[in-house]
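See below for the structure under consideration.
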Amino acid sequence: MEVPPGKWSKAKKLSLIHTKRRMLQLKRKEELSYNIRYISKVPVKLVMDREFLTLHPEDSLSKLVGSLRDEESSAVVVDEEGHLLGFITMKDLLRFFEPPRRYSIVGINLLKKYSISNASRVEDIMVRKPITIHLDENLGRAIGIMLETGKHHLPVVDDKNRVHGILEVKDIIRLIRIVSS
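418 is the number that the working numbering gives to position 42 of the sequence shown; each next residue is one higher, with no gaps.
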């Protein structure tokens with residue numbers, strides 16, 4: 377039994393469309409996999425943010441809150457030589473103000489307890505042993521650490537534990553956008 381010429385060409389066209397679509401999908405997948413491999417080999421020091429907020433342990437929380445600006449969502453706590461002593465994110469700051477779960481807040485006296493006083497210091501809320509990434513590592517390692525720990529910010533340190541920058545998820549996403557376009 378013969379296939380009518382009109383139906384054969386329609387089936388052939390559909391097959392050709394599916395083949396082209398599949399080839400485009402494979403090409404996109406290949407490009408994406410190349411981009412991912414490329415990104416994972418990029419050194420952290422090329423992507424990290426070199427301008428970051430630094431504080432000292434004895435600085436007040438008022439100074440921290442006053443220093444946080446538009447894109448900043450973390451601060452590095454260092455000593456006089458720039459050695460990492462601690463790290464603070466917005467989440468750490470919010471935790472400081474979290475009311476106790478078992479009690480309802482009633483009255484102004486309890487609210488005063490959660491306000492910033494001049495006695496409140498950065499050292500009271502900083503993470504003392506933050507998860508870091510070495511200056512010579514690559515983004516593949518950094519992404520692995522971020523996924524493993526759930527951290528969105530990594531202080532970038534050298535062998536002497538001096539801070540050179542902060543690597544944030546947004547920095548990696550920015551690089552992905554550049555490479556993918």
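Don't be surprised by glycine CBs; every beta carbon is placed ideally from N, CA and C.
{"Check": "Contact the region 541-555 vs the region 511-520: 3+ CB pairs below 8 Å", "Outcome": "yes"}
{"Check": "CB contact flag (valine 503, phenylalanine 463, <7 Å)", "Outcome": "yes"}
{"Check": "With 16 other Cβ atoms within 10 Å as the buried cut-off, status of histidine 394", "Outcome": "exposed"}
{"Check": "Pair within 7 Å by beta-carbon distance, phenylalanine 472 and isoleucine 501", "Outcome": "yes"}
{"Check": "Beta-bridge pairing of valine 452 - partner residues as DSSP gives them", "Outcome": "Thr430, Phe463"}
{"Check": "Endpoints, the alpha helix (DSSP H) within which arginine 543 is located", "Outcome": "What sits at residue 543 in the sequence shown is leucine, not arginine. Counting along the chain, leucine 543 falls outside any alpha helix (DSSP H), though it belongs to the beta strand (DSSP E) covering 539-544."}
{"Check": "Beta-carbon proximity list for methionine 466, same chain, < 8 Å, skipping 5 on both sides", "Outcome": "Leu444, Ser449, Ser450"}
{"Check": "Buried versus exposed, by CB contacts within 10 Å (16 or more), threonine 360", "Outcome": "This structure does not reach residue 360, given that the chain is present from 377 up to 557, and the question cannot be answered."}
{"Check": "Own chain, CB closer than 8 Å to lysine 421, minus 5 neighbours either side, in chain order", "Outcome": "Leu511, Asp512, Val532, His540, Gly541"}
{"Check": "Buried or exposed by the 16-neighbour rule on C-beta atoms within 10 Å, applied to threonine 525", "Outcome": "exposed"}
{"Check": "Identity of the residue in Ser438, Arg404, Leu460 nearest lysine 536 by Cα", "Outcome": "Leu460"}
{"Check": "Which listed residue (Arg413, Glu544, Glu456) has its alpha carbon closest to that of glutamate 434", "Outcome": "Glu456"}
{"Check": "Simplified DSSP assignment, three categories, for arginine 397", "Outcome": "helix"}
{"Check": "Continuous alpha helix (DSSP H) stretch holding leucine 530: start and end", "Outcome": "Leucine 530 -> not in any alpha helix (DSSP H); beta strand (DSSP E) instead, spanning 529-533."}
{"Check": "Extent of the continuous alpha helix (DSSP H) run through leucine 515", "Outcome": "515-525"}
{"Check": "Beta-bridge pairing of serine 436 - partner residues as DSSP gives them", "Outcome": "Arg497"}
{"Check": "Alpha-carbon to alpha-carbon, arginine 398 and arginine 404", "Outcome": "10 Å"}
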